[in-house]
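Some notes on the structure that comes next.
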Ligand code: CAO
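Residue numbers (the working numbering): 981 to 1455.
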C-alpha cells in the first residue's frame, strides 16, 4: 500500500515536471516565434558575460604532437572542456621533446595544450577501457590524430563508439585521405611536400623549401576545428554524431590553392606576374617556385632596409598596388614614371619589375623598416616589415589583444603562448597554462565520472591509470 502511495506520489511528481517542461517549451516556442529562426531571445547580459562560445561541449582528447593538440587547444580557448587522455608515466611525447628547462614540460607541449585537463589512462588495460567507456558516454567529441588504424586497435572503432554514444562526433587528423598513401605516418614537412606547398616555395634556382609556418600540423588542426564545430551544429538538427576527417595533404593543398590556380593558368600562357616572365625565363610544365613574388594580382617583392648588412630581418615587403602607383613614384623620386608609357600601366610594368624594385629598394635602404612602414601607410601603400620572433615576443599591441599571452606554470615558471587568434565579441578567450601529466586524473574520475574514493584507489592499484612501478619490475 505504502509502496503504491509512494509510486503515485512519484508519478504525480513526474507528471508535474512534465507539465512544467511542456509550459517551458510553449514559452520557448512563443519567444522563439517572436524572434524568428527558432532562436532564443537575445541575451540581456552585457557582451562577454553570457558564457563562452563552446561552454557545455566536452571533448575526449586523444591527440598528441602538434596537429590534433592545435585543434583541441583552440576549442578549449573557445570554452570547451577538453579532457586530454595520456599514457600513464609517459604522456604526450612532446612533453619531453626540445626541452629548455630540465624536468619541466617543454614549450613544445605547453604552447599546444593550454586550457586542457590531463588524465592518464592506459587504454590497453581493461579497467582503463572501463573509464574510457564512461568518458565516451558523456563526451560530445572524440578527437584523435594517431597513426592510421591505432584507434581501431585500441578497440575504439567508429561502430563501437557510436553504439555507446550515438551523439558522439569522432574527429581525426591523418596524413593522407583514402588512397595509395592512407596507411602512412605523416609529420609536418611530409604534408608540406605532398600538399604542393614545398614545390612552389623557394627560389627558382634552388631546391623546394618548407616553410616555418606549420601549415601541415597547425593548419590541419584549424581545419579540423571547423569540421568539429560544423558537426556540432548539424547535430543540433539530426541528434547524431558523425565522423570528421582532415587529411594533412588536403589541408596543405587548401592553403596552397592559388598555386593550383596558377597550374591551370599555365595552360593558357606564361604567368606574367611572376618575375621570371620579366626576366625572359621560359616556364616549364609545372608551377615554378616564385621566390618572393606576390602570388596575387599586385606585383611585390622583399626589399632591403637601412641596417640590412648586420640585421638579417631589416627587410620590408613592398606591394606596388596599382591604385597607389603615383604615390610610389613620388616617394622614390621618379615622378615621370607616372606618365611614361613604359611604367604608367600595370601591364607595361610587368616586364620591368626587376628594375622597378631595384629603384624602390634604393629608397627603402635609406630608411628603417618601421620608417618605411609609417611613410608608406600614410599614403596607403601596402607594405609589411619583416618582424623577427624577438620583435613579436616584445610587441605590446599583440599582448594587449591577447594574441600573445604570458601564463604561469608550476614547474617551468612564466612562458609566452599564442592566445586565441580568433576574436569573438561575446566570448572572451580562455587562455590558461597546460596541465601537468595526469594533473586532473582524480578530479575527472570523481567529479566528472562519479567514481568513489575506494573505486579510485582500486583503479590506481590495478595500474590502469598509473605508470608501472619500475623498482618493483626490477626486483
Ligand atoms: N594507452 C595505451 N596506449 C596508447 C595510449 C594510451 N593512453 N595512447 C597512445 N597509445 C598507443 C597507441 O595505441 C599506439 O599503439 P599501437 O601502434 O600499438 O596500436 C601507439 O601508442 C602509438 O601511436 P602512434 O602510432 O600514433 O604514434 P607514433 O609516435 O608512432 O606516430 C605520428 C606519431 C604523428 C607519426 C602518427 O601518430 C601519425 O601519423 N598521426 C597522424 C598524422 C598526424 O597527426 N601527424 C602530425 C603529427 S605532428 O607533426
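Ideal placement from N, C-alpha and C gives every residue a C-beta, glycine not left out.
* **Residue range of the beta strand (DSSP E) that includes residue 1295** => 1295-1299
* Asked: Relative to the ligand CAO, is the shortest distance from any of its heavy atoms to the C-beta of residue 1195 smaller than 7 Å?
  -> no
* Asked: How many angstroms separate the CA atom of residue 1201 from the CA atom of residue 1125?
  -> 10 Å
* Where residue 1329 and residue 1367 are concerned, what is the direct C-alpha to C-alpha distance, given to the nearest angstrom? -> 29 Å
* DSSP three-state assignment for residue 1388, whether helix, strand or coil -> strand
* Asked: residue 1269 and residue 1183: beta carbons closer than 8 Å?
  -> yes
* Asked: What runs of the alpha helix (DSSP H), each 4 residues or longer, lie entirely inside the segment 1326-1400?
  -> 1326-1329, 1333-1344, 1349-1358, 1369-1374, 1376-1380
* Kindly identify the DSSP beta-bridge partner or partners of residue 1442. => DSSP output for residue 1442 lists no bridge partner at all.
* With distances taken Cα to Cα, identify the nearest neighbour of residue 1265 among 1244, 1435, 1141. => 1244
* **Sufficient close CB pairs (3 or more, under 8 Å) joining the segment 1027-1045 to the segment 1111-1120** => yes
* Report the option in 1066, 1135, 1022, 1077 whose CA atom is closest to the CA atom of residue 1421. => 1066
* Within the same chain, show all residues whose beta-carbon is closer than 6 Å to that of residue 1069, passing over the 5 residues directly before and after it, in chain order. => 1447
* Asked: Do you know how far the Cα of residue 1154 is from the Cα of residue 1427?
  -> 33 Å
* Segment limits, alpha helix (DSSP H) that includes residue 1168 -> 1168-1174
* Asked: Given a threshold of 16 other Cβ atoms within 10 Å of its Cβ, counted over all protein chains shown, does residue 1316 qualify as buried or as exposed?
  -> exposed
* When you compare only the Cα positions, how much space is there between residue 1085 and residue 1076? -> 6 Å
* At least three beta-carbon pairs within less than 8 Å, the segment 1307-1324 to the segment 1364-1384 -> no
* Just the Cα atoms here: how many angstroms apart are residue 1128 and residue 1369? -> 35 Å
* Where residue 1210 sits in the DSSP three-state scheme -> helix
* Beta-carbon contacts of residue 1282 that lie in its chain and below 7 Å, excluding the five residues immediately before and after -> 1272, 1295, 1297
* Asked: Three-state secondary structure (DSSP) at residue 1280?
  -> strand
* Helix, strand or coil at residue 1080 [DSSP, three-state] -> coil
* Asked: Alpha carbon to alpha carbon, how far is residue 1408 from residue 1383?
  -> 12 Å
* Integer-rounded CB distance, given that residue 1098 should sit under 8 Å from residue 1419 -> 5 Å
* Residues bridged to residue 1226 (per DSSP) -> 1153
* Asked: What are the partner residues of residue 1419, as DSSP defines its beta bridges?
  -> None; residue 1419 has no bridge partner.
* Per-residue burial, residue 1029 [other beta carbons within 10 Å of its own, 16 or more giving buried] -> exposed
* Asked: Looking at C-beta atoms only, is the number of pairs between the segment 1206-1218 and the segment 1152-1170 that lie closer than 8 Å three or more?
  -> no
* To do: Return yes when at least one heavy atom of the ligand CAO lies under 7 Å from the C-beta of residue 1167, else no.
  => yes
* Outcome for residue 1392 when other beta-carbon atoms lying within 10 angstroms are tallied against a minimum of 16 -> buried
* For residue 1269: DSSP bridge partner residues -> BP columns for residue 1269 are empty, so no partner.
* To do: Assuming residue 1063 and residue 1444 form a contact by the criterion Cβ under 8 Å, report the distance between their Cβ atoms to the nearest whole angstrom.
  => Residue 1063 to residue 1444, Cβ: 16 Å. No contact.
* What do you reckon, is the C-beta of residue 1066 under 7 Å from a heavy atom of the ligand CAO? -> yes
* Asked: So, is residue 1248 buried or exposed, given that buried needs 16 or more other C-beta atoms within 10 angstroms?
  -> exposed
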